[in-house]
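Asks:
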Amino acid sequence: MKKIVLLFVCLVSSATYVSAQLYVSNNSYVFNKGALLFARGNLELNGANSFLYLRNEAQFLQGSTGSSTNRGLGRLSVFQEGTSNAFAYNYWCSPVGNASAGSGNENFGVSMLGTPTSITATTPATLSAATYNGSAAAGSLTIATYWIWRFLSSNNYSQWVQSAATTNIAPGEGFTMKGVSGTDATNPGESVANNPGNRQRYDFRGKPNDGTIVINVANGASTLTGNPYPSAIDLNLFLNDPANSSIDGTALFWEHDKTVNSHNIVDYRGGYGVYNGTTSVYTPATFYTYDLGGNQGSVFSSPNNVYQRRFSPIGQGFMVRGVSNGSAIMRNTHRVFVKEGAANFSQFERLSNEANSAGVAGFGNIPNVAGIDYTQLSAEPTPHFTVNTSLGGNAVRQVALCFLPNALDGVDRADSKSPDATTNLPMDMYLVLENEPYVHATTAFDISKRIDVGFKCNAATTFTMMVKDIVNFDMAEDIFLYDAETGLYHDIKNQPYAFTLQPGVINNRYQITFTDQALSNGEFNGGRLDILQNNQEQLLVISNPTQYELSEVSLYDMLGKNVFTKKGLGSQNQYEFATGSLAEGIYIARIKTIEGHSLSKKVVIERVR
Numbered sequence: 258m259k260k261i262v263l264l265f266v267c268l269v270s271s272a273t274y275v276s277a278q279l280y281v282s283n284n285s286y287v288f289n290k291g292a293l294l295f296a297r298g299n300l301e302l303n304g305a306n307s308f309l310y311l312r313n314e315a316q317f318l319q320g321s322t323g324s325s326t327n328r329g330l331g332r333l334s335v336f337q338e339g340t341s342n343a344f345a346y347n348y349w350c351s352p353v354g355n356a357s358a359g360s361g362n363e364n365f366g367v368s369m370l371g372t373p374t375s376i377t378a379t380t381p382a383t384l385s386a387a388t389y390n391g392s393a394a395a396g397s398l399t400i401a402t403y404w405i406w407r408f409l410s411s412n413n414y415s416q417w418v419q420s421a422a423t424t425n426i427a428p429g430e431g432f433t434m435k436g437v438s439g440t441d442a443t444n445p446g447e448s449v450a451n452n453p454g455n456r457q458r459y460d461f462r463g464k465p466n467d468g469t470i471v472i473n474v475a476n477g478a479s480t481l482t483g484n485p486y487p488s489a490i491d492l493n494l495f496l497n498d499p500a501n502s503s504i505d506g507t508a509l510f511w512e513h514d515k516t517v518n519s520h521n522i523v524d525y526r527g528g529y530g531v532y533n534g535t536t537s538v539y540t541p542a543t544f545y546t547y548d549l550g551g552n553q554g555s556v557f558s559s560p561n562n563v564y565q566r567r568f569s570p571i572g573q574g575f576m577v578r579g580v581s582n583g584s585a586i587m588r589n590t591h592r593v594f595v596k597e598g599a600a601n602f603s604q605f606e607r608l609s610n611e612a613n614s615a616g617v618a619g620f621g622n623i624p625n626v627a628g629i630d631y632t633q634l635s636a637e638p639t640p641h642f643t644v645n646t647s648l649g650g651n652a653v654r655q656v657a658l659c660f661l662p663n664a665l666d667g668v669d670r671a672d673s674k675s676p677d678a679t680t681n682l683p684m685d686m687y688l689v690l691e692n693e694p695y696v697h698a699t700t701a702f703d704i705s706k707r708i709d710v711g712f713k714c715n716a717a718t719t720f721t722m723m724v725k726d727i728v729n730f731d732m733a734e735d736i737f738l739y740d741a742e743t744g745l746y747h748d749i750k751n752q753p754y755a756f757t758l759q760p761g762v763i764n765n766r767y768q769i770t771f772t773d774q775a776l777s778n779g780e781f782n783g784g785r786l787d788i789l790q791n792n793q794e795q796l797l798v799i800s801n802p803t804q805y806e807l808s809e810v811s812l813y814d815m816l817g818k819n820v821f822t823k824k825g826l827g828s829q830n831q832y833e834f835a836t837g838s839l840a841e842g843i844y845i846a847r848i849k850t851i852e853g854h855s856l857s858k859k860v861v862i863e864r865v866r
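Start counting the sequence shown at 258; every next residue gets the next number (this note's numbering).
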């Protein structure tokens with residue numbers, strides 16, 4: 258076999274640009290090591306022995322518009338690594354399809370996967386329906402085809418569609434595939450072996466996907482899709498494409514607890530991380546258990562994996578959510594040349610010990626089809642902070658509050674609904690927008706802004722809240738959780754705040770604020786209304802010398818539990834309430850007037866000995 262000579266090419270910054278179509282004759286190949294290969298037109302891999310090899314994170318971009326006209330019996334070969342755990346899923350989207358003489362993108366099946374044995378040679382994967390466990394060994398790969406599934410415009414677990422070994426995965430459709438056990442020390446010229454024990458390399462071989470790819474979506478349903486090209490994509494360009502108004506501007510990434518060595522769904526622990534295409538902010542998954550019907554059960558854990566998602570690498574799958582019946586469009590103009598790595602804002606979800614922090618100085622020069630000058634775009638993160646809430650000590654829900662100067666109040670594409678919004682979770686925390694649960698909310702900053710926070714639990718649950726990270730945000734000195742029932746402001750920027758809620762859904766009691774308005778109540782209080790604890794007499798005393806008409810007085814413990822409430826108090830000079838039966842400790846007493854004013858104060862109840 259000979260290496261084809263490319264005519265009309267120029268080498269610029271380790272990138273090869275072909276002025277029109279790229280043609281590779283039979284018994285010839287093009288080899289690209291670690292660089293960009295760009296063709297303005299189509300690709301024809303003419304014969305069954307025509308190849309285009311992408312190695313060491315090389316990528317192939319095309320600049321054509323409309324539907325693909327790639328053709329030929331030859332194949333593009335590109336590597337990608339997934340999990341090496343036989344019990345854990347990756348979500349994939351193939352960059353290639355079946356190779357035929359006909360023109361256009363074609364369906365994919367896992368029969369097009371292999372394990373590389375040299376820089377150009379591969380051994381086709383063994384496809385097994387007889388085992389649930391995929392495996393790797395020296396120069397060989399077995400895929401358990403039972404775990405190949407699609408999720409198409411659906412909203413419950415029973416609607417997963419099994420593909421197994423069938424070549425019926427359309428371009429742009431994502432699919433699940435579990436990893437493998439074992440190792441494979443074969444190194445086909447890459448930086449690491451095929452499977453050193455923490456990742457498994459797959460050789461995708463087929464006709465490369467190109468051009469406009471249509472992904473059907475439905476209102477209120479999710480669809481598993483992903484990056485369908487043999488190059489990276491700018492996920493923000495896809496999510497914010499004006500033609501993609503049928504999706505909500507958010508991508509969901511499956512995360513799975515890889516310590517669970519079981520194929521039984523009741524043992525699964527996993528959830529969806531959330532990426533917003535307007536703010537580029539990602540919040541990690543909260544892991545839940547599942548019952549036999551695929552319904553989420555008890556909270557298990559939160560590994561707080563943080564991935565850089567802006568530039569989706571080759572093969573990465575993710576969910577999108579429909580807000581109307583229609584379609585989402587992938588285009589060549591979404592394609593970029595970005596190699597994997599956290600510093601490049603591009604990570605494939607797998608068990609990885611790679612650092613997850615990204616530099617923020619700037620993107621640098623990013624070759625792309627759309628003609629965007631990324632050097633003129635800021636890589637500074639959207640100003641935001643994240644809040645972690647412990648759910649009964651079992652797991653953590655993270656939410657993000659983002660700030661953009663032109664953001665509107667209410668729901669838009671800069672907000673991301675909770676991935677668990679439609680599930681009957683046993684406990685959760687979320688931001689409340691238009692009475693719906695969200696994990697990302699974006700607004701224009703105002704020191705007086707108040708953001709509603711909701712909680713749900715099916716049994717008495719202790720929630721503990723604290724700000725996790727403050728990113729590129731210095732507009733507020735303080736961050737509080739306001740409790741409308743007690744009237745108290747709790748500092749969650751500098752210390753955790755724990756409180757216990759009884760079973761139910763609580764959407765109108767708590768708010769995140771940036772000022773403690775109780776500190777500015779002087780014109781109401783002015784020393785004329787006071788709350789005292791007389792431990793000698795074991796009495797809570799309300800002093801009301803100016804005879805405000807009081808509507809109620811309440812006492813709460815430090816977990817937020819109501820100890821007592823007295824209503825219709827009138828306008829006496831003084832009130833006394835017995836506290837002798839209460840446990841020693843710190844409590845919150847709150848007074849309300851009929852005009853709607855309130856005063857809260859901490860009191861200490863203790864026995865005088």
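All residues carry an ideal CB built from backbone N, CA and C; glycine is no exception. Model, not experiment: these values are computed from the prediction.
So the candidates are N692, N493 and I708; which of them puts its Cα closest to the Cα of V644?
Replies: Sequence index remark: in the sequence shown, residue 644 carries index 387 (1-based). Here the closest residue by C-alpha is I708.
Asks: Could you check how far apart the C-beta atoms of H867 and V538 are, in whole angstroms? I think they sit under 8 Å.
Replies: Absent from the model: residue 867. The displayed extent of the chain is 258 to 866, so no value can be given.
Asks: Is T632 helix, strand or coil when you go by DSSP?
Replies: The residue given as residue 632 occupies position 375 in the sequence shown. Reduced to three states, the DSSP call for T632 is helix.
Asks: Where do the ends of the beta strand (DSSP E) carrying E834 lie?
Replies: Numbered from 1 along the sequence shown, position 577 holds the residue referred to as residue 834. The identity of residue 834 in the sequence shown is Phe, whereas the question assumes Glu. Counting along the chain, the beta strand (DSSP E) containing F834 begins and ends at Q831 to A835.
Asks: Taking the beta carbon of S341 as the centre, do at least 16 other beta carbons fall within 10 Å, making it buried, or is it exposed?
Replies: The sequence position of residue 341 within the sequence shown is 84, counting from 1. Buried.
Asks: CB-CB under 6 Å to C588, same chain, minus the five flanking residues each way: which ones, in chain order?
Replies: Counting from one through the sequence shown, the residue named residue 588 turns up at place 331. With the sequence shown as reference, residue 588 is identified as Arg, and Cys is not the correct amino acid for it. Cβ neighbours of R588 beyond the five flanking positions: T469.
Asks: Please tell me whether G572 and W349 are closer than 8 Å, where the distance is taken between their beta carbons.
Replies: Within the sequence shown, numbered from 1, the residue matching residue 572 stands at position 315. Within the sequence shown, numbered from 1, the residue matching residue 349 stands at position 92. Closer than 8 Å, so yes.
Asks: Going by the beta-carbon positions, is the gap between T772 and D735 smaller than 8 Å?
Replies: Here residue 772 corresponds to residue number 515 of the sequence shown, with the count starting at 1. Here residue 735 corresponds to residue number 478 of the sequence shown, with the count starting at 1. Their beta carbons are under 8 Å apart, which means T772 touches D735 by this criterion.
Asks: So L758 and F712 are in contact, right, with Cβ under 8 Å, and what is the actual spacing, rounded?
Replies: Taking the sequence shown and counting its residues from 1, one reaches residue 758 at position 501. Taking the sequence shown and counting its residues from 1, one reaches residue 712 at position 455. The pair is a contact, with the Cβ atoms about 6 Å apart (cut-off 8 Å).
Asks: So, is S415 buried or exposed, given that buried needs 16 or more other C-beta atoms within 10 angstroms?
Replies: Taking the first residue of the sequence shown as position 1, residue 415 is located at position 158. Its Cβ having fewer than 16 others within 10 Å, S415 is exposed.
Asks: Determine contact between the stretch 343-360 and the stretch 459-467, defined as no fewer than three beta-carbon pairs at a distance below 8 Å.
Replies: Yes: at least three Cβ pairs fall under 8 Å.
Asks: Could you name the residues of the same chain whose beta carbon sits closer than 6 Å to that of S282, not counting the 5 residues immediately before and after it, in chain order?
Replies: Reading the sequence shown from its first residue, position 25 is the one you call residue 282. So the qualifying residues of the chain are N303.
Asks: In angstroms, rounded to a whole number, what distance separates the CA positions of P676 and Y529?
Replies: Within the sequence shown, numbered from 1, the residue matching residue 676 stands at position 419. Within the sequence shown, numbered from 1, the residue matching residue 529 stands at position 272. When rounded, the distance between both Cα atoms is 6 Å.
Asks: Reducing DSSP to helix, strand and coil, say where F620 ends up.
Replies: In the sequence shown, residue 620 corresponds to position 363, counting from 1. Coil, per DSSP.
Asks: Name, in chain order, the residues that DSSP records as bridge partners for R462.
Replies: Taking the first residue of the sequence shown as 1, we reach residue 462 at position 205. According to DSSP, which records beta bridges pairwise, R462 is partnered with S334.
Asks: Output yes or no for whether 8 Å exceeds the beta carbon distance between T386 and G371.
Replies: Within the sequence shown, residue 386 is the residue found at index 129, counting from 1. Within the sequence shown, residue 371 is the residue found at index 114, counting from 1. Per the sequence shown, residue 386 should be read as Ala rather than Thr. For A386 and G371, no; Cβs fall outside 8 Å.
Asks: Taking N501 and A585 to be in contact with their CB atoms under 8 Å, please state how far apart those CB atoms are, rounded to whole angstroms.
Replies: Working through the sequence shown from its first residue, we reach residue 501 at position 244. Working through the sequence shown from its first residue, we reach residue 585 at position 328. Rounded, the Cβ-Cβ distance is 5 Å, consistent with contact.
Asks: Can you tell which of G483, L279 and G454 has the C-alpha that lies nearest to the C-alpha of G429?
Replies: Counted from its first residue, the sequence shown places residue 429 at position 172. The shortest Cα separation from G429 among G483, L279 and G454 belongs to G483.
Asks: With H, G and I counted as helix, E and B as strand and the rest as coil, what does DSSP make of L658?
Replies: What you label residue 658 is simply residue 401 of the sequence shown in a count that begins at 1. Strand at L658.
Asks: Under a three-way DSSP split, which group does Q774 fall into?
Replies: As a first step, residue 774 is located in the sequence shown; it is residue number 517 there, counting from the start. Helix.
Asks: Give me whichever residues DSSP pairs with H854 in a beta bridge.
Replies: The residue you call residue 854 lines up with position 597 of the sequence shown. Note: H854 sits in no beta bridge, so no partner.
Asks: How many whole angstroms separate the CB atoms of T423 and G366, which I take to be in contact at a CB cut-off of 8 Å?
Replies: In the sequence shown, the residue the question calls residue 423 occupies position 166. In the sequence shown, the residue the question calls residue 366 occupies position 109. Going by Cβ atoms, the distance from T423 to G366 rounds to 6 Å, so yes, they are a contact pair.
Asks: If you draw a straight line from the C-alpha of R312 to the C-alpha of L293, how long is it?
Replies: For the purposes of this step, residue 312 is taken as residue 55 along the sequence shown, with counting starting at 1. For the purposes of this step, residue 293 is taken as residue 36 along the sequence shown, with counting starting at 1. Their Cα atoms are separated by approximately 11 Å.
Asks: Name the DSSP bridge partner or partners of H697?
Replies: On the sequence shown, residue 697 is found 440 positions in, with the first residue counted as 1. According to DSSP, which records beta bridges pairwise, H697 is partnered with A657 and S673.
Asks: The alpha helix (DSSP H) that contains N493, what's its start and end?
Replies: As a working note, residue 493 is residue 236 in the sequence shown. L492 to L496 is the extent of the alpha helix (DSSP H) around N493.
Asks: With F834 and L796 assumed to form a contact (beta carbons below 8 Å), what rounded beta-carbon distance in angstroms separates them?
Replies: The count along the sequence shown starts at 1 and reaches residue 834 at position 577. The count along the sequence shown starts at 1 and reaches residue 796 at position 539. Rounded, the Cβ-Cβ distance is 7 Å, consistent with contact.
Asks: Buried or exposed for K515, going by 16 or more other Cβ atoms inside 10 Å?
Replies: One-based indexing of the sequence shown puts residue 515 at position 258. Answer is buried; the Cβ neighbour count reaches 16.
Asks: Of the choices A393, T402, A315 and C714, whose alpha-carbon is the least far from that of I763?
Replies: Working through the sequence shown from its first residue, we reach residue 763 at position 506. When only C-alpha atoms are compared, the closest one is C714.
Asks: Between V281 and chain E, is any beta-carbon pair separated by less than 8 Å?
Replies: Absent here is chain E; the protein component of the structure consists of one chain.
Asks: Would you tell me roughly how many angstroms separate the C-alpha atoms of V860 and L665, rounded to the nearest one?
Replies: To locate residue 860, count along the sequence shown from 1; it is residue 603. To locate residue 665, count along the sequence shown from 1; it is residue 408. Roughly 41 Å separates the two Cα atoms.
Asks: Given a cut-off of 8 Å, decide if E841 and E863 are closer than it, judged by their beta-carbon atoms.
Replies: By 1-based counting over the sequence shown, the position of residue 863 is 606. By 1-based counting over the sequence shown, the position of residue 841 is 584. Yes.
Asks: Report back the beta-carbon spacing between P453 and P373 to the nearest angstrom; my notes put them in contact at under 8 Å.
Replies: For the purposes of this step, residue 453 is taken as residue 196 along the sequence shown, with counting starting at 1. For the purposes of this step, residue 373 is taken as residue 116 along the sequence shown, with counting starting at 1. 14 Å between Cβ atoms; not a contact.
Asks: Can you check DSSP and say which residues form a bridge with R297?
Replies: In the sequence shown, counting from the first residue as 1, residue 297 sits at position 40. Paired residues: none, contrary to the question.
Asks: Do you know how far the Cα of H520 is from the Cα of A846?
Replies: If you number the sequence shown from 1, residue 846 lands on position 589. If you number the sequence shown from 1, residue 520 lands on position 263. Going by the C-alpha atoms only, they are around 52 Å apart.
Asks: Measure the beta-carbon distance from P638 to N729 and round it to whole angstroms, keeping in mind my assumption that it falls under 8 Å.
Replies: Locating residue 638 in the sequence shown gives position 381, where the first residue counts as 1. Locating residue 729 in the sequence shown gives position 472, where the first residue counts as 1. Their Cβ separation, rounded to whole angstroms, is 5 Å, which keeps P638 and N729 in contact under 8 Å.
Asks: Check whether the Cβ atoms of S479 and V577 sit closer than 8 Å, and answer yes or no.
Replies: Mapped onto the sequence shown, residue 479 falls at position 222. Mapped onto the sequence shown, residue 577 falls at position 320. Yes, these two residues count as a Cβ contact at 8 Å.
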